[in-house]
Amino acid sequence: MRLPRTAHTDRPWRIHEIADSFTVEDVWALPTPGGPDDLVWLVRQFAEGMKDGVTGEGPIARALFAIRWKLGALLGWDKSSGGVGTRTPSLRDRLPADLREGPRGPDLGSSSFTSLYQRDDEWAAEMGNKTVHAVMHIGWVPDGSGGHRGQMAVLVKPNGLFGTLYMAAIKPFRYIGVYPALMRSIGREWQANAAGRSVRRPGPKPKH
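Using our numbering, the letters of the sequence shown correspond one by one to residues 416 to 623.
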């Protein structure tokens, strides 16, 4: 379910301290019901999917991602010279000392995203190319009925006019093909791993 931007901006996330110049593009309630300490499992699920190159299920989502990567390769949008740490300074440089010294989050392999920090109720990762500098923020919030669930926010900072036009152009495709498929995939994998979460405990959780 898509949520209003205030579902992200009204919460005291630490990401507000370092991404204040970014626009909250999308906020989604994730179909991942769980207990108060289960964010670590959701982060692990995201990390494994991103390292494996999973970009959503269904022919529409796969086609959209294939087109995007082909265009990126053709036009040079995703070259390392346009990424975080080269064209765009990493948000790691802006982290307060406690976040910089705390858990960074999982290694995302060859994914275009890199973990910024992880706490017991939020995880953030960033990516950058010639079109946009973006942050994926995964929070863990009460669900209003005594449990908890994940919440995903996408924050963006377009690179100039081209980046702004690019974000506007892909917006309908995100809502039609990408996000619905992604939500279904996240929910199914979460349910499939429910038994494992009940018998296994992860390592020490990140601290506030």
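Using N, Cα and C, we set each Cβ at its ideal position, and we do this for glycine too.
Burial state of residue i, where buried means 16 or more other Cβ atoms lie within 10 Å
i, result
"TYR590", "exposed"
"LEU576", "exposed"
"GLY561", "exposed"
"LEU486", "The predicted position of LEU486 is uncertain, since its pLDDT is 45 and thus under 50; a value taken from the coordinates is nonetheless stated next. Exposed: under 16 other Cβ atoms inside 10 Å."
Same chain only: Cβ atoms within 7 Å of residue i, ignoring 5 sequence neighbours per side
i, result
"SER526", "MET465 and LYS466"
"ASP558", "PRO448 and ARG564"
"THR503", "GLY543 and HIS548"
Rounded C-alpha distance that separates residue i from residue j
i, j, result
"ALA583", "GLY517", "36 Å"
"GLY491", "GLY578", "Its pLDDT being 48, under 50, GLY491 is placed unreliably in this model, and the value from its coordinates should be taken loosely. The alpha-carbon atoms of GLY491 and GLY578 are separated by roughly 14 Å."
"TRP605", "LEU454", "12 Å"
"TYR581", "ASN574", "10 Å"
"GLY450", "ALA610", "14 Å"
"LYS545", "LEU514", "27 Å"
"PRO587", "LEU418", "16 Å"
"ASP435", "ARG603", "33 Å"
"ALA512", "ASN608", "35 Å"
"ARG519", "ASP508", "13 Å"
Residues near residue i in its chain [Cβ-Cβ closer than 6 Å; skip 5 each side]
i, result
"VAL469", "Annotation note: pLDDT 48 at VAL469 (below 50); position unreliable, no value reported."
"MET416", "ALA444"
"LEU506", "ILE433, LEU531 and GLU541"
"TYR549", "The sequence shown places Ala at residue 549, rather than the Tyr named in the question. Excluding positions up to five away in sequence, the list reads MET542 and VAL571."
Candidates the options: closest to residue i by CA position
i, options, result
"ARG420", "ILE585, ALA596 and VAL571", "VAL571"
"VAL547", "PHE437, LEU418 and HIS431", "PHE437"
"GLN533", "ASP435, PHE588 and LEU510", "LEU510"
Inter-residue CB distance, residue i and residue j (contact presumed, cutoff 8 Å)
i, j, result
"PRO446", "ILE601", "6 Å"
"GLU537", "TRP428", "5 Å"
"LEU523", "ALA596", "So it is not a contact: roughly 20 Å between Cβ atoms."
Close beta carbons around residue i, own chain, < 8 Å, minus the five adjacent residues each side
i, result
"ARG426", "GLY554 and VAL556"
"HIS423", "VAL439, VAL442, HIS552, GLY554, GLN566 and ALA568"
"HIS431", "THR424"
"PHE528", "MET465, ALA540, GLU541, MET542 and MET551"
"ARG612", "GLY449, ASP453 and TRP456"
Proximity test, Cβ basis, 7 Å: residue i and chain D
i, result
"PRO573", "Among the chains of the structure shown, chain D does not appear; only one protein chain is present."
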